[in-house]
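Visitor: Before I ask anything, here is the structure I am working with.
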Amino acid sequence: MTSALEHLLSVFWLRPETAIWRFLDIEAMRRFEFEGRSLDFGCGDGIFSFIRAGGRFTTEFDAFQKTERLDRFYQNVDVYDAYDESYDPLVASAPSYQISVGFDHKANLLRKAAALNFYKETVEGDGNAPLPFDDNSFGSIFSNIVYWLDNPAEIISELRRILQPGGKICLMLPNETLPQYSFYNSLYAKSKDDQWKWLELLDRGRLSDNVKQSKSDDDWRDIFSSAGLSVSYHSQHLPKMVIQAWDIGFRPMFPALMKMVAGVDPRKLPDIKAEWVSALQMFAGPLAVIGEQNDQSSAFHCYILTRK
Ligand SMILES: C[S@@+](CC[C@H](N)C(=O)[O-])C[C@H]1O[C@@H](n2cnc3c(N)ncnc32)[C@H](O)[C@@H]1O
Numbered sequence: 046m047t048s049a050l051e052h053l054l055s056v057f058w059l060r061p062e063t064a065i066w067r068f069l070d071i072e073a074m075r076r077f078e079f080e081g082r083s084l085d086f087g088c089g090d091g092i093f094s095f096i097r098a099g100g101r102f103t104t105e106f107d108a109f110q111k112t113e114r115l116d117r118f119y120q121n122v123d124v125y126d127a128y129d130e131s132y133d134p135l136v137a138s139a140p141s142y143q144i145s146v147g148f149d150h151k152a153n154l155l156r157k158a159a160a161l162n163f164y165k166e167t168v169e170g171d172g173n174a175p176l177p178f179d180d181n182s183f184g185s186i187f188s189n190i191v192y193w194l195d196n197p198a199e200i201i202s203e204l205r206r207i208l209q210p211g212g213k214i215c216l217m218l219p220n221e222t223l224p225q226y227s228f229y230n231s232l233y234a235k236s237k238d239d240q241w242k243w244l245e246l247l248d249r250g251r252l253s254d255n256v257k258q259s260k261s262d263d264d265w266r267d268i269f270s271s272a273g274l275s276v277s278y279h280s281q282h283l284p285k286m287v288i289q290a291w292d293i294g295f296r297p298m299f300p301a302l303m304k305m306v307a308g309v310d311p312r313k314l315p316d317i318k319a320e321w322v323s324a325l326q327m328f329a330g331p332l333a334v335i336g337e338q339n340d341q342s343s344a345f346h347c348y349i350l351t352r353k
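First residue of the sequence shown? That's 46 in this note's numbering, and the numbers climb one at a time after it.
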């Protein structure tokens, strides 16, 4: 079986910055295990959790099989929010466990997730509204989307409500350093200095939307404590260098790269992709080693929380 990093680089070969980030998330959450009825809150297309669970795709598969509106990439459109019946995730080996419920607000992403046969059930809903689940109905919950929502404190209470006593939640949450590391936030968001206006194109609405949710460990702990959750594990990953590499990545070329790949002779594509992925490994490997160091200045927290 290929290593998780190598596999992620193959699946996200046109966006290697995503592969490195996802790999570091997988490493950060290594002490977390799904137990009992489980929930992936904000599962998207499910590819991240599937790979984390040890699932593997064939080398022909990538996360860009169904995209649309690439011409509107620079108007901040979610180009992955696309699906039709021909979507085929080309699973090579099944994961070592299943997740009971995948939850997201985008129907197309949930259809992609359902095609993995990894979630027993997918549920569409808005994470900003009361969740459509009973009290005490999950033994374990994972989420890397809480900071995309309007009120993280409210949603953390809501996650606690649906968790059984003694159940566990694993959350990825931004640290207060994240805005200092992102080019858009550190150079343009406050100054509105015209010379940095072009950074809006790089940001594409990502960090400008959710950076307000970046908090210190102490501030997150206050929120957990008020919600009736105790911290059983905490680490920090994604240091400045990795965030800055990710902030640019292959993002600017993405729509053009997609067109280029579509124009390649399909017989030549496997060799080109293999060479591409092995070249990426030369950089991704060392960056990943830097990125996984547990350091208080790193941009993301990983928490494992227990319901008191
Ligand atoms: C950065 S992606 C993470 C997806 C997946 N967990 C992964 O790691 O690939 C954020 C996800 O949050 C979902 N999301 C954002 N706002 C949401 C909301 N209000 N309710 C439910 N899902 C939401 C998006 O549709 C998207 O799938």
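Where is the CB? At the ideal position from N, CA and C, for every residue including glycine.
Computed from a prediction, not measured in an experiment: that's the story for all the values here.
1. Helix, strand or coil: how does DSSP classify residue 213 here?
2. Cβ of residue 232 within 8 angstroms of Cβ of residue 259?
3. Quick one: which unbroken beta strand (DSSP E) runs of 3-plus residues sit fully inside the stretch 106–177? Chain order, please.
4. Would you mind listing the beta strand (DSSP E) stretches within the stretch 240–316 that are 3+ residues and don't spill past its ends, in chain order?
5. List the residues that DSSP assigns as beta-bridge partners of residue 85.
6. Would you kindly check if the distance between the Cβ of residue 84 and the Cβ of residue 68 is under 8 angstroms?
7. If we call anything under 8 angstroms between Cβ atoms a contact, is residue 344 one with residue 50?
8. So if DSSP puts residue 351 in a beta bridge, which residue, or which two residues, is it bridged to?
9. What's the gap between the Cα of residue 213 and the Cα of residue 180?
10. Which word fits residue 217, buried or exposed, when buried means at least 16 other C-beta atoms lie within 10 angstroms of its C-beta?
11. Rounded to the nearest angstrom, how far is the Cβ of residue 278 from that of residue 349, given a contact under 8 angstroms?
12. Leaving aside the five residues before and after residue 110 along the sequence, list all residues of the same chain whose C-beta is less than 7 angstroms from its C-beta, in chain order.
13. When you compare the CB positions of residue 173 and residue 194, do they come within less than 8 angstroms of one another, or not?
14. Is residue 267 near ligand 1, in the sense that its beta carbon is under 7 angstroms from a heavy atom of that ligand?
15. Looking at residue 203: is its Cβ nearer than 8 angstroms to the Cβ of residue 175?
16. Using the C-alpha atoms, what's the distance from residue 306 back to residue 272?
17. Of all the options 124, 266, 108, which has the alpha carbon lying nearest to the alpha carbon of residue 115?
18. Name the DSSP bridge partner or partners of residue 208?
19. Would you kindly work out how many angstroms separate the C-alpha atoms of residue 63 and residue 230, rounded to a whole number?
20. Considering Cα atoms alone, identify which of 61, 149, 113 is closest to residue 89.
21. Helix, strand or coil: which one does DSSP assign to residue 95?
22. Would you list the one or two residues that DSSP bridges to residue 346?
23. Using 10 angstroms around the beta-carbon of residue 341, count the other beta-carbons present and answer buried if the total reaches 16, otherwise exposed.
24. Reducing DSSP to helix, strand and coil, say where residue 57 ends up.
25. Should residue 100 be listed as close to ligand 1, given that the test is whether its C-beta is under 7 angstroms from any heavy atom?
Guide: Result, derived from the coordinates:
1. Strand.
2. It is not a contact, given that the beta carbons lie outside the stated cut-off.
3. Taken in chain order, the complete beta strand (DSSP E) segments of 3 or more residues contained in the stretch 106–177 are 136–138, 144–149, 164–169.
4. With a minimum length of 3 residues, the continuous beta strand (DSSP E) runs that stay inside the stretch 240–316 are 274–282.
5. DSSP, once it has assigned bridges, lists 147, 187 as partnering residue 85.
6. Residue 68 places its beta carbon 8 angstroms or farther from that of residue 84.
7. Contact check for residue 344 against residue 50 fails: the beta carbons are separated by 8 angstroms or more.
8. 213, 275.
9. Going by the C-alpha atoms only, they are around 14 angstroms apart.
10. Burial of residue 217 is indicated by the presence of at least 16 other C-beta atoms within 10 angstroms of its C-beta.
11. A Cβ-Cβ separation of about 4 angstroms places residue 278 in contact with residue 349 under the 8 angstroms criterion.
12. Contacts found: 132.
13. Yes, Cβ-Cβ distance for residue 173 and residue 194 is below 8 angstroms.
14. Outside the cutoff, so no.
15. The criterion of a C-beta distance shorter than 8 angstroms is satisfied by residue 203 and residue 175.
16. Straight-line Cα distance between these residues: approximately 48 angstroms.
17. Of the candidates 124, 266, 108, the residue whose Cα lies closest to the Cα of residue 115 is 124.
18. Within the DSSP secondary-structure output, residue 208 pairs in a beta bridge with 183.
19. The C-alpha of residue 63 lies about 19 angstroms from the C-alpha of residue 230.
20. Per the Cα distances, 149.
21. The DSSP-derived three-state label of residue 95 is helix.
22. Beta bridge pairing from DSSP links residue 346 with 218, 281.
23. It counts as exposed.
24. Coil, per DSSP.
25. Residue 100: no, Cβ never under 7 angstroms from ligand 1.
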